Every structure is written in C-alpha cells, then in structure tokens.
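S.K.: Chains as they are written, first to last, in our numbering: chain X, -10 to 388; chain U, -10 to 388.
Below is the structure I would like to discuss, written out as structure tokens.
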C-alpha cells in the first residue's frame, strides 16, 4: 500500500505546512502566501528535507496553478474592468517594468532568455494582494482603488501574454513575423475563447433546466471544471501558457444562471483553497537555499527596487496624464507594485523549462515576496502619515 | 511547458469522460458510477488508448479514493447508526459473503491471497447506491430502509477491516497471534481515532471563534482536509488501509460547530465530486479488456451470483431472527446487495500490490457493477409486482 501512503503523506504534510503558513503569516502581519512559501522552503530538500518535489507534488502544484487562475478569472466582471482609462495605466505599467527587468538582468550578465523571463515576471500586479490591502484599509470603493483593481486585472492579462511571448521568444523564434504570429494567435484565442465562453454559458444555463441536471446537481460543477482544464489545454497546445487558458475560462464563464446545479464558483473556490495553498508551499519546496549567494542577494534586492520603481513610474505617469490627482496617482503607483502568483508561475515555468537555474528562480520568488511585504508598508505610511508624503497628501473618498 | 500540458490534458479528458459517464448512465437508467467505469474502459489503453494509467492519474485517483471515503464518513451520525440490531445484520451479512467469495475463488483454483481479497471485496455494501435507490423510490423513511442504511454503514467499517486483515494475511502473516495483533491495532486505531476526533472537533470549534479564523475563513476547511489525510497516513503506517483512516476522520469530525469558517463538509463534497468521478473513471482505465476470457466471464458471473445470494442470506436470516417481517427482511437482503467503492478499492489495492492480476481485478469491478445494476431491478420488481414475490408481500410503511 506504499503508493497510497505517499499520497496521504504528501497531502498531510503539504496541508499542515499550508496551515502553519497561515498562522505564521498572521503572526508577522503578512499575506498567507508569504508564510506558505517560507515554510515550504524550510520543509523542502534544502533545509529539513521532509518532502521533495516529487512528480505527485509537481502534478498537484500545476493543478493548483490552473485552478487558482480559473478562480481569479471567475471573480472578474468584464464590463467593470475593461475601461480605456485603466487599460492605458495597465499597458504602460506593464511595458516599463518589462524593460526595467530585462535591462537589469542584462546588466547582471544573465543571458537573453533569462532576461526576457525576468522582464515578464515584473509585469503582472497581484490582484489578490492589492485588493486585500485596500479591503483591510476600508478603501475598496475609492476611485484610486477602482483604478488599481481595473488596471491590475488588465495587467494580469498582459502579464500572461508577456509570458507567452517570452516562452516563444526564448525558444529562439525571435523575429518580427514570429512575434506577429504570437500576437495573432493570442488575439484569436482571446476572442474565440470569450465568444465560446458566452455560448457555453448559455448552453450551461439551458442544460441546468433539464431533468438530468435536477437529478445530478453536481454536473454543472464538473462541466465548469472541465471547461477550465480544456481552455488550459487549448492554450497550451497553441503555445500559450495553460494558466492563460484557465484564466480566460474563468473570465468567459460569466453569464451562467443556475437554478438546480451546484454553485460551481463556490466549488472552484474550495478547490482553489486546497490546491492554491499547496501551489505556494511547493514554490518554497523548489527553492534551493544552498544556491543563494551574494550575487543572488544583490540581484534580488536590485530586482525588487526596480520592480517597485518601474511599476510606480509606469502607473503614476499615465494616471496623472489622464487627469487623476497626484495623491490618487501615487496610491495607484504603489498599489500596483505587489507581484504575486503570475510572477511566481513565470519563475516556475522558466525553471522547469530549463531557461534558467536557481539564481533567477529564487530572485523572482523573493522579489514577489518582498514587493508584497513592502507595498502595504509604503501605502500605510503614505496614507497614515501624510506629512511624510508629498505636500497636501491625503486619501480622498471619491471626491 | 509539456509538464503543465499533461496535467491539463489528463484532467480535461478525465472530467469529460466523467461527464459523459453521467449522461450515459442517465440514458440507460443506471448509477453514474456505471457510466464512468464503462467509458473509462473505452478511453483506456485496451480500447481507444486516449489515456493511460500515468503516475498523475494514479495519484489523483488515490486522492479521490481518500476524499470519497472522507465524505462518506462525514455523512454518518454515529448514534443513529450503531444499533445492536443493525450491527448483527451487518456482521452476519459480512461473514457469509466473505466465506462465499473465498470458497468460490478457491473453487476456481485461485491462490490463497487472491481468495482472501475476493472474500473481502464481497463484504461491503455500497451505501451510496442503496441509499440512492431507496431515495428514488421514496422509501427512505421506512423501517427496512433505516435498517439497510444502518447495517450498510457498519458493514462498510467491517469491510474496511476485512481489507486490512486481508492485506496483512496476504503478506504471509497468517497466524492466530498476527490476526489478534491486527484486531488490537484496528480496535485501538478506531478508539483513539474517534476520541481524538471528538477532541479535535472541540478544538476546531474553539479555533473558529478566534480572530484568525474570522480573517481566514478558509482555514477550517484546510484543517479538516489535513485531518482526513493525516488519519489516512496513520492508518497506512500501522498497516491498515488509507481509506479506513479517511473514513474514520469523517465519522469522528462530527461535533464541529462553525460560526466563521467555511463549510468544510461542503468543501469536501465539492472535492469529492471531482476526484470521486476521476477515481471511478480511473478504475475503468485500469481494466485491460484484452485480458477477458471465458474463464474470467464465468468466474465473474459466478461471483456476482454468490455476492447477491450470500448477502441476501447473511442479512435476511438475522433480520428475521430479530423479529422483522418477511417482507422487510427480503427488502433488506436485496437492498444490501450492491457492492461499490469499497469493493473496487479493494480490487485496486490487490492489483497494485501484485496479489492478483487482471483476472480477479476485472471480475471484482464487473461484479460490483452488475450487483449495482441488478439490485434495483430486483427491488423494484419485488416491490411493484408483489404477486411475483413471497405471499402477502407488500412494502410496509413503518408499521
């Protein structure tokens, strides 16, 4: 019964560490992700060696990444997000960090492929973390918060596209026609995916009224999860990342109205809780602490500074140009700084594909952690101690 | 990105087949499990070859078995089930099929280990299937139905114990002292497990009132799942089956009262929907249809007949002796006949441990399917056409 044993053993320890990660994070007033990754490092092969990155852990972590992005996608409402104003902030807020990350990596003599991935890793803001900070501060309904959420969603999409570009460019297909081809594929995938999603949503709404859905209320949930993995599969097979597909599946399954079937959003969230937590723990397990040296530390710190500065500039300027106040623009700039799951998934993919080694992987994961830790401190200090901020700095409530 | 691809591919196809299995089952008026296994056989290596039993599929299926039994355990209420009357029906209803299965296998010249597993596979009634039939017929609140559910729950536990015994006996430790040792271990595990579960339930209820559970409402769910896998791990490490542990975890986590935390029962059910379905599909994938020959077919049919007759006798007689009517006893006898997940898991474990080959594996899986298909027909015919049943046969409503 050895085989069953290892599943039970690995799941027990992964969930135990996830739980401990939450408690640790809460104790040090950080996001749960921070605690999960730190404890993942500790139980991993480079410290305690309680668990290794077995094929089961790898499979479950990949499952987790897909479900996580599906759940993120489900939380989106398309019409609320896709505003030109936010799109411009998102776009410039993606381009500047991408260039910044790329140049920094080249400056540290990393090769072209690594530099491209470092650039891509700096693009996407972590919606979960930013939204959480704003919620904790009771500022979720302000104009700045809405801009942050809107732009963060769009830059997630742009970040995922940057990942797809990077993967293709890194394989050597770096020509104008190759880039054009990726752009066309991505655009087609998004358009067809959204349209198909609208059609599928109608189909599911109709299916839900049938007798079979009344009898088997779980079917709607199975269908939704199947669509998530199917979109992931299609994204993969046309050369995009699986998580891009899962995210799109979540975004496009918007208009489903259920009368009988189980709540698939809730079901996906429950699965996301377990496998998302395992995903973050697994990121820690993959960190080989022995690989850390002075160069990595310096690069990582530089990367973190570049991540915050480039995102700030890339969002502050377009916000100002579009007529937002200096205060709101500042909040938007800092609010867009935390990197999260997308950056970490990009690091994981690059490592798994062999484009770079532990040096870049560790730097990106720790950069994501540090931006997550630093951003709330920056926002809180600027908001709570206005005398330290720019003149007349004050958080404004929709005025 | 090949690795992610295979997860997305395997999950898509497994869920698609699970869905198709539901639709097929509904069309042929059978339990969803029947459809899932049949289509699992068809997509598996022996027919279409769309998917094989990869280590990921294996891991996910094992995960499914553990979650499935945890969910089954969660549905139990201890005090409703453990009545002496039902326990006697369950006990004799386990012993007779065990002996019947063992003798049949010996008659067909299978070796000792195989025969022990065949016996164990005949012990446990499928609660899910029986309960479903009774629910469909609107007979869930009758005395006979309560006896069936109560006895089916107890014989699940006895069946899981029979599995543990069989595993140990099959490894060669067939002596009185070895059997006594297993009995002591099992009894200890159940007692300590239940007591620990009651303590943990109180602890979780208390934890749920803390600020941290208010902030992270998902923690209670993570803790519950962690306990399920931890019990599975402990069961494994003392030589019982992982699913016995998961089941016990479900049964013992009864008294949790939640104010803040997410509903862990609901969460476990959602996970059980996805991974349970995958588990049944995977059972089909493992069937090598090319291995089927006349001997297997004859053995399988004989096994099915023995399964129904021995369960009928083993439940009818103790029901009658305890003063139940001939009609109720007949319904109980047939109602206890369907075998399900426990039989199939026993078949899977025996195959994975190399105690037997495809011949026994296929026979047990098909026997479980056939009892599931035949039992509703038997019950419906006896109930709806009383003239075909014993004299004066009529279903009685609690009178």
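Built from N, CA and C at the ideal position, the CB exists for glycine as well.
Keep in mind the model is a prediction, meaning the values are calculated, not measured.
#1: So with Cβ pairs under 7 Å, would you call residue -3(X) a contact of chain U?
#2: Pull up the distance between the alpha-carbon of residue 272(X) and that of residue 41(X), whole angstroms please.
#3: Would you give the residue range spanned by the alpha helix (DSSP H) that residue 254(U) belongs to?
#4: At 4 residues or longer, and completely inside the stretch 180 to 211 of chain U: list those alpha helix (DSSP H) runs for me, N to C.
#5: If the criterion is Cβ atoms closer than 7 Å, does the pair residue 24(X) and residue 299(X) meet it?
#6: On the criterion of 16 or more Cβ atoms from any shown chain inside 10 Å, does residue 238(X) qualify as buried, or is it exposed?
#7: Just to check my reading of the structure: residue 349(U) and residue 339(U) have Cβ atoms closer than 8 Å, yes? What is that Cβ distance to the nearest angstrom?
#8: Give, in chain order, every residue of the stretch 190 to 211 of chain U whose Cβ lies closer than 8 Å to some Cβ of chain X.
#9: Hey, how far is the Cα of residue 14(U) from the Cα of residue 61(X)?
#10: Using a Cβ-Cβ distance under 7 Å, would residue 1(U) count as near chain X?
#11: With the cut-off set at 7 Å, would you say residue 133(X) and residue 321(X) are in Cβ contact?
#12: Contact criterion: CB-CB distance below 7 Å. Does residue 148(U) meet it with respect to chain X?
#13: Look at residue 153(X) and residue 229(X) and say whether their C-beta atoms are less than 7 Å apart.
#14: Could you round the C-beta distance between residue 3(X) and residue 270(X) to whole angstroms and report it? I think they count as a contact, below 8 Å.
#15: Could you tell me whether any Cβ in chain X is nearer than 7 Å to the Cβ of residue 26(U)?
#16: Just curious, the alpha helix (DSSP H) that residue 28(U) is in, first and last residue?
#17: Should residue 44(X) be flagged as near chain U, meaning a C-beta pair shorter than 7 Å?
#18: So with Cβ pairs under 7 Å, would you call residue 215(U) a contact of chain X?
#19: Within 10 angstroms of its Cβ, does residue 304(U) collect 16 or more other Cβ (buried), or is it exposed?
#20: Just to make sure I have the definition right: I need the residues of chain X whose C-beta is within less than 7 Å of the C-beta of residue 333(U). Which are they?
#21: Rank 196(X), 158(X), 112(X) by C-alpha distance to the C-alpha of residue 100(X) and give the top, closest one.
#22: With distances taken between CB atoms, is the gap from residue 186(X) to residue 242(X) smaller than 7 Å?
#23: Who are the neighbours of residue 8(U) on chain X, taking C-beta pairs under 9 Å?
#24: Rounded to whole angstroms, what is the Cα-Cα separation between residue 261(X) and residue 53(X)?
#25: Report back the beta-carbon spacing between residue 221(X) and residue 55(X) to the nearest angstrom; my notes put them in contact at under 8 Å.
#26: Can you tell me whether residue 148(U) is buried or exposed? The criterion is at least 16 other CB atoms within 10 Å of its CB, across all chains shown.
#27: Taking the C-alpha atoms as reference points, what is the distance between residue 236(U) and residue 34(X)?
#28: Taking the straight line between their C-alpha atoms, what separation do you get for residue 385(X) and residue 308(X)?
#29: Strictly below 8 Å CB to CB, what residues from chain A border residue 262(U)?
#30: Is there a Cβ from chain U that is less than 7 Å from the Cβ of residue 13(X)?
#31: Tell me whether residue 386(X) sits in a helix, a strand or coil according to DSSP, three-state version.
#32: Can you tell me whether residue 387(X) is buried or exposed? The criterion is at least 16 other CB atoms within 10 Å of its CB, across all chains shown.
#33: Roughly how many whole angstroms lie between the Cα atoms of residue 231(X) and residue 225(X)?
#34: Which residue wins for smallest C-alpha separation from residue 91(U), given the options 85(U), 80(U), 108(U)?
#35: Which residues in chain X have a C-beta closer than 8 Å to the C-beta of residue 5(U)? List them in chain order.
#36: For residue 160(U), does the three-state DSSP call read helix, strand or coil?
M.R.: Per the coordinate set shown:
#1: Residue contact check for residue -3(X) against chain U: a CB pair falls below 7 Å.
#2: Taking C-alpha positions only, residue 272(X) is separated from residue 41(X) by approximately 11 Å.
#3: Note, residue 254(U): alpha helix (DSSP H), 253 to 275.
#4: Within the stretch 180 to 211 of chain U, complete alpha helix (DSSP H) segments of at least 4 residues are found at 200 to 204, given in chain order.
#5: It is not a contact, given that the beta carbons lie outside the stated cut-off.
#6: Buried: at least 16 other Cβ atoms inside 10 Å.
#7: Cβ-Cβ separation between residue 349(U) and residue 339(U): approximately 7 Å, consistent with a contact (criterion under 8 Å).
#8: So the list reads 201, 204, 205, 207, 208, 210, 211, given in the order they occur along the chain.
#9: Residue 14(U) and residue 61(X): Cα-Cα distance of roughly 33 Å.
#10: At a cut-off of 7 Å between C-beta atoms, residue 1(U) counts as an interface residue with respect to chain X.
#11: In contact: residue 133(X) and residue 321(X) (Cβ atoms closer than 7 Å).
#12: Interface annotation, residue 148(U): not in contact with chain X, CB-CB separation never under 7 Å.
#13: Yes, the pair counts as a contact, with Cβ atoms nearer than the cut-off.
#14: Contact between residue 3(X) and residue 270(X) is confirmed by a C-beta separation of about 5 Å, below the 8 Å threshold.
#15: Residue 26(U) does not count as touching chain X.
#16: 21 to 32 is the extent of the alpha helix (DSSP H) around residue 28(U).
#17: It does; some Cβ of chain U falls within 7 Å.
#18: Chain X contact via Cβ: present.
#19: With a 10 Å radius around the Cβ and a threshold of 16 neighbouring Cβ atoms, residue 304(U) comes out buried.
#20: For residue 333(U), there are no neighbours in chain X by C-beta distance under 7 Å, as the nearest C-beta there is about 14 Å away.
#21: Closest by alpha carbon: 158(X).
#22: It is a contact, given that the beta carbons lie within the stated cut-off.
#23: Chain order gives the chain X residues near residue 8(U) as 208, 211, 212, 215, where near means a beta carbon separation below 9 Å.
#24: For residue 261(X) and residue 53(X), the distance between alpha carbons rounds to 7 Å.
#25: Contact annotation, residue 221(X) with residue 55(X): C-beta distance approximately 5 Å; criterion of less than 8 Å satisfied.
#26: With 16 or more other Cβ atoms within 10 Å, it is buried.
#27: Between the C-alpha atoms of residue 236(U) and residue 34(X) there is a straight-line separation of about 32 Å.
#28: Residue placement at residue 385(X) is poorly supported in this model, since its pLDDT is 39, which falls under 50; the coordinates still yield a value, given next. Rounded to the nearest angstrom, the two C-alpha atoms are 15 Å apart.
#29: Protein chains in the displayed structure are X and U, and chain A is not among them.
#30: No, because no Cβ of chain U sits closer than 7 Å to the Cβ of residue 13(X).
#31: Summary for residue 386(X): the model assigns pLDDT 42, below 50, so the residue's position carries little reliability, and this model does not support an answer.
#32: At residue 387(X) the pLDDT is 39, less than 50, meaning the model places this residue with poor confidence; the figure from the coordinates comes in the next sentence. Counting Cβ neighbours within 10 Å, residue 387(X) comes out exposed, since fewer than 16 surround it.
#33: About 5 Å.
#34: Out of 85(U), 80(U), 108(U), 108(U) has the C-alpha closest to the C-alpha of residue 91(U).
#35: The contacting residues are 215, 219.
#36: DSSP, reduced to helix, strand and coil, places residue 160(U) outside both helices and strands of the structure shown, so it counts as coil.
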